[in-house]
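The structure appears right after this line, and notes come after that.
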Amino acid sequence: MVNMDSILYKISKVVGDIPTHVIYKGNSGDGKKYDVYKDDDVICRAVVKGNVMKIFKGRRYIGKELLSKEELLKI
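234 is the number of the first residue of the sequence shown in the numbering used here; add one for each residue after it.
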C-alpha cells in the first residue's frame with residue numbers, strides 16, 4: 234500500500250527540501266494543481282497530468298517525477 238510519504242519523497246528529490254503536506258488547488262488546462270507546503274510555507278507547486286508530476290517554483294519549471302497508479306489514487 235502506498236502512503237503519502239512516497240509522494241512527498243519524490244517531491245523532495247527534485248526540490249531539495251522536505252515537504253510536510255500537499256493541498257489540492259484545482260484543475261487547469263495543464264492538469265491538477267497542488268501547493269506543496271513545508272510547515273506553513275509554500276515551497277513549490279506541483280501539476281499532475283497523466284502519471285507525470287511537474288514541479289515549479291514560482292513560474293520556473295524545476296523538474297518532474299513519474300507517479301505509479303497507486304500514488305495517483307492516493308494524491
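Where a beta carbon is used, it is the ideal one built from N, C-alpha and C, also for glycine.
- For a cut-off of 8 Å, the C-beta gap from residue 263 to residue 282 is around 6 Å, short enough to register as a contact.
- A distance below 8 Å between beta-carbons, with the five flanking residues on each side excluded, links residue 275 to the following residues of its chain, in chain order: 268, 269.
- Remark: C-beta atoms of residue 290 and residue 280 do not approach each other more closely than 9 Å.
- One thing to note: residue 306 has its Cβ no nearer than 9 Å to the Cβ of residue 284.
- DSSP, reduced to helix, strand and coil, places residue 300 outside both helices and strands of the structure shown, so it counts as coil.
- When DSSP states are grouped into helix, strand and coil, residue 274 belongs to the strand group.
- Residue 240 is positioned such that its CB atom lies closer than 9 Å to that of residue 308.
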